Amino acid sequence: MLKVTGLYKVFNRGTVNERVALENVSLTLEKGDFVTVIGGNGAGKSTLLNCVAGVYPPDGGSIVVDGVDVTRLAEYRRARHLGRVFQDPMRGTCADMNIEENLALARRRGRPRGLSWGVTRREREEYRAMLEALGLGLEDRLSAKVGLLSGGQRQALTLLMATLRAPKLLLLDEHTAALDPRTAKKVLELSDRVISEGGLTTMMVTHNMRDAIRYGNRLIMMSGGGIAVDVSGEEKKNLTVEDLLKLFEKARGDGEEIPDRMVLG
Amino acid sequence: MQEIIIGAVSLGLLWAVMTIGVYISYSVLGMADMTAEGSITLGAAVAAQTIAGGGSPYLGLLLALLCGMAAGLCNGLLHTKLKIPSLLSGILTMTALFSVNLHVMGKANISLLRMPTVYSPVASLLGIDKGLSVIAVGLVICAVIIGLLYWFFGTEIGSAIRATGNNPHMARAQGINTDRTIIIGLVLSNALIALSGALIGQSQNYADLQMGTGAIVIGLASLFIGEVLFGKRNFFIRLSSMVAGAIIYRLIIAFVLKLGMPADDLKLFTAITVVLALTLPGIKKAAQSRRRALPGGPQDA
Chain X
3 MLKVTGLYKV FNRGTVNERV ALENVSLTLE KGDFVTVIGG NGAGKSTLLN CVAGVYPPDG
63 GSIVVDGVDV TRLAEYRRAR HLGRVFQDPM RGTCADMNIE ENLALARRRG RPRGLSWGVT
123 RREREEYRAM LEALGLGLED RLSAKVGLLS GGQRQALTLL MATLRAPKLL LLDEHTAALD
183 PRTAKKVLEL SDRVISEGGL TTMMVTHNMR DAIRYGNRLI MMSGGGIAVD VSGEEKKNLT
243 VEDLLKLFEK ARGDGEEIPD RMVLG
Chain V
68 MQEIIIGAVS LGLLWAVMTI GVYISYSVLG MADMTAEGSI TLGAAVAAQT IAGGGSPYLG
128 LLLALLCGMA AGLCNGLLHT KLKIPSLLSG ILTMTALFSV NLHVMGKANI SLLRMPTVYS
188 PVASLLGIDK GLSVIAVGLV ICAVIIGLLY WFFGTEIGSA IRATGNNPHM ARAQGINTDR
248 TIIIGLVLSN ALIALSGALI GQSQNYADLQ MGTGAIVIGL ASLFIGEVLF GKRNFFIRLS
308 SMVAGAIIYR LIIAFVLKLG MPADDLKLFT AITVVLALTL PGIKKAAQSR RRALPGGPQD
368 A
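These protein sequence lines map, in sequence, to chains X and V. In terms of the working numbering, the first sequence opens at residue 3 and continues consecutively. In terms of the working numbering, the second sequence opens at residue 68 and continues consecutively.
Here is the structure:
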């Protein structure tokens with residue numbers, strides 16, 4: 003479903019701040035794979051996700067989603083294939099627009115937009131049912147401004163928006179990092195449910211080793227702009243935090259430290 | 068006195084069209100579009116030249132509208148395709164328009180005295196004088212524009228434009244071509260501003276090369292007055308409040324002039340109004356939180 007080959011990305015090229023963020027990263031995801039991505043600060047996990055999403059154009063390599071080469075495709079053009087949830091709850095929704103308008107924008111992802119109504123009456127009923135299934139009490143607040151919602155509610159809504167039209171690839175970029183632990187757990191469980199119900203191919207960046215082990219069928223650890231560890235299947239199921247720390251120790255580059263939040267989170 | 072009020076209301080209604088244009092760029096897209104200063108004069112110039120050349124005043128309005136769209140398109144392309152920051156791209160377009168306007172007019176001003184305007188048929192048909200006919204035409208045009216925009220911003224494209232101004236990251240993640248939505252917004256905004264210029268020029272019987280100077284600040288002042296008085300409850304009220312704001316701005320100006328403020332200080336007065344409108348909400352909030360922090364404040368009650 004996703005085939006990344008020899009991906010290369012440099013920031014601030016030609017300046018003293020030049021930094022190679024991704025170095026020859028290759029990765030293939032089969033349909034239905036749920037891979038968790040973990041790694042220290044600056045390991046390249048968010049850069050990888052953002053390159054796949056089209057936020058940064060890569061400096062080398064190729065990205066193919068379901069047989070379509072999207073390497074040079076503008077961010078808004080490849081959005082039709084992708085569902086995304088961001089770390090910052092403010093980033094995934096429009097605060098000044100109401101819940102149904104946000105959902106309606108997501109429903110039209112990858113479709114031509116014309117002069118018909120932005121939200122139709124029939125859609126409204128659909129949204130109500132979807133929000134009811136979410137169990138956050140949002141079904142009666144369709145016309146409430148999203149800016150009034152809590153961070154957790156906004157992330158849940160963004161998740162619903164990302165999966166409203168089944169994406170070929172779901173990209174979760176530390177989407178629970180800004181939430182309190184209880185809310186984070188709820189949003190993670192919701193994500194897991196949505197992913198398994200829809201059989202969605204997913205990449206989830208997280209800083210939490212336990213979550214990286216608990217969720218998904220495959221785990222990737224990034225270090226110094228490359229993939230250092232790649233475990234799946236039985237091996238992944240039996241993985242412990244201690245194993246992961248050892249693997250990280252072995253794989254890490256010089257001077258790279260394990261951030262506390264990765265271990266303690 | 069009555070004459071002053073009629074004058075202020077009629078001028079306010081025509082500037083309301085411009086204020087709604089500023090609303091689209093400033094509030095919907097979140098950009099301070101300086102092109103406004105050039106496109107309002109462009110509208111007046113094109114309409115005046117059309118009439119002076121023997122053309123219909125209504126054709127003049129249409130041509131002004133189209134030229135305003137072109138100005139908005141230029142600015143939109145500079146900003147989105149050439150990646151020039153929006154404030155600078157607006158200043159560049161405005162500066163370029165100064166020469167364009169001079170070419171259109173051929174001289175610093177064009178008089179429309181004793182020539183037909185869009186108001187003259189209305190005045191003779193209803194048997195009213197020019198001041199009232201401007202109000203009649205202004206009301207109809209404002210109502211039509213509010214109706215059209217209320218519909219447009221409820222459509223798929225309109226929603227996409229609002230989303231772009233609100234959160235461009237989210238818009239792109241939802242497959243919205245934000246370059247295109249910004250351009251459409253700027254085209255629409257400058258079309259209205261040029262239309263407003265054409266209407267103003269015909270109401271005062273001349274087009275002047277300098278009439279756009281400070282226009283954006285007047286538009287913003289009207290916008291803030293409308294916002295303060297009527298809030299942000301829903302889109303229909305917001306659009307209507309632009310009209311009310313523009314009229315009230317003109318009434319305030321007429322009032323302070325009557326009180327003896329020299330006309331030379333008008334722009335200074337308007338600029339200070341905008342500064343106050345921009346800073347007062349912040350100061351108010353800071354004062355409130357300070358009061359809350361003090362023991363015995365409202366929080367402790």
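Even glycine gets a Cβ: it sits at the ideal position worked out from N, Cα and C. Predicted, not measured: the structure shown is a model, and the values here were computed from it.
- Quick one, are the C-beta atoms of V/P124 and V/P183 less than 8 Å apart? yes
- Message: Let's test the definition: count the other Cβ atoms within 10 Å of the Cβ of V/M68 and tell me whether it reaches 16, buried, or not, exposed.
- Response: exposed
- Task: Run down chain X in chain order and give the residues with a C-beta less than 9 Å from the C-beta of V/A227.
- Result: L107, R110, R115, G120
- Item | Where V/R239 meets chain X, residues with beta-carbon distance less than 7 Å | E77, Y78, A81
- Taking 8 Å as the cut-off, decide whether the C-beta atoms of X/G41 and X/L24 are in contact. no
- Message: Just to confirm before moving on: does the CB-CB distance between X/K5 and X/T49 stay below 8 Å?
- Response: no
- Could you tell me whether the Cβ of V/I243 comes closer than 8 Å to any Cβ of chain X? yes
- Query: Using the C-alpha atoms, what's the distance from V/V295 back to V/L253?
  - Reply: 25 Å
- Query: Would the beta-carbon of X/G120 be found less than 7 Å away from any heavy atom of the ligand GTP?
  - Reply: No copy of the ligand GTP occurs in the structure displayed, which carries no ligand at all.
- Message: Classify V/L335: buried if its beta carbon has 16 or more other beta carbons within 10 angstroms, exposed otherwise.
- Response: Classification of V/L335: exposed, given that the 10 Å Cβ count is below 16.
- Query: Which residues of chain X have a Cβ atom closer than 7 Å to the Cβ of V/H236, listed in chain order?
  - Reply: Here the neighbours are R93.
- Counting Cβ pairs closer than 8 Å, one from the stretch 247-263 of chain V and one from the stretch 72-79 of chain V, do we hit at least three? no
- Just the chain X side, please: which residues come within less than 9 Å of V/T222 by C-beta, in chain order? R115, G116, L117, S118, W119, G120
- Message: Checking 8 Å against the spacing of the C-beta atoms, do V/G225 and X/G120 come in under that value?
- Response: yes
- Please say whether V/S263 and V/V95 have beta carbons closer to each other than 8 Å? no
- Are V/L276 and V/T108 closer than 8 Å when you measure CB to CB? yes
- Message: Below 8 Å on the Cβ atoms is my contact criterion, and I expect X/G243 with X/R212 to pass it. Report the Cβ-Cβ distance as a whole number of Å.
- Response: The amino acid occupying residue 243 of chain X in the given sequence is Val; Gly does not appear at that position. With 8 Å as the limit, X/V243 and X/R212 qualify as a contact, their Cβ atoms being about 6 Å apart.
- Item | Counted within 10 angstroms of its Cβ, other Cβ atoms place X/D175 as buried (16 or more) or exposed | buried
- Message: For V/L215 and V/L132, what's the separation of their Cα atoms in angstroms?
- Response: Cα-Cα distance, rounded: 15 Å.
- Hey, would you say V/Q269 sits closer than 8 Å to V/I177, going by beta carbons? no
- Message: Can you check which of these residues, X/L144, X/M3, X/I197, is closest to X/E102 by C-alpha distance?
- Response: Nearest C-alpha to X/E102: X/L144.
- Message: Residues of chain X with CB closer than 8 Å to the CB of V/N233, please, in chain order.
- Response: C96, A97, D98, M99
- Identify the continuous alpha helix (DSSP H) that holds X/R124 and give its terminal residues. Here the alpha helix (DSSP H) through X/R124 covers 123-136.
- Excluding the 5 residues preceding and the 5 following V/F219 in the sequence, name in chain order all residues of the same chain whose CB lies nearer than 7 Å to its CB. G225
- Interface residues of chain V around X/R123 at Cβ under 9 Å? Within chain V, no residue comes near X/R123; the closest Cβ sits about 13 Å away, beyond 9 Å.
- Leaving aside the five residues before and after V/A368 along the sequence, list all residues of the same chain whose C-beta is less than 8 Å from its C-beta, in chain order. Caution is warranted here: a pLDDT of 35 is assigned to V/A368, below 50, making its placement in the model unreliable, and the coordinate value is therefore given only provisionally. Cβ neighbours of V/A368 beyond the five flanking positions: none.
- Given that a residue counts as buried once 16 or more other Cβ atoms are within 10 Å of its Cβ, and exposed if not, what is V/G298? V/G298 comes out exposed.
- Task: Measure the CB-CB distance between X/G63 and X/G8 and report whether it falls below 8 Å.
- Result: yes
- Query: Which residue spans inside the stretch 47-92 of chain X form an unbroken beta strand (DSSP E) run of at least 3?
  - Reply: 62-67, 84-87
- Task: Identify whether V/T108 lies in helix, strand or coil by the three-state DSSP scheme.
- Result: helix
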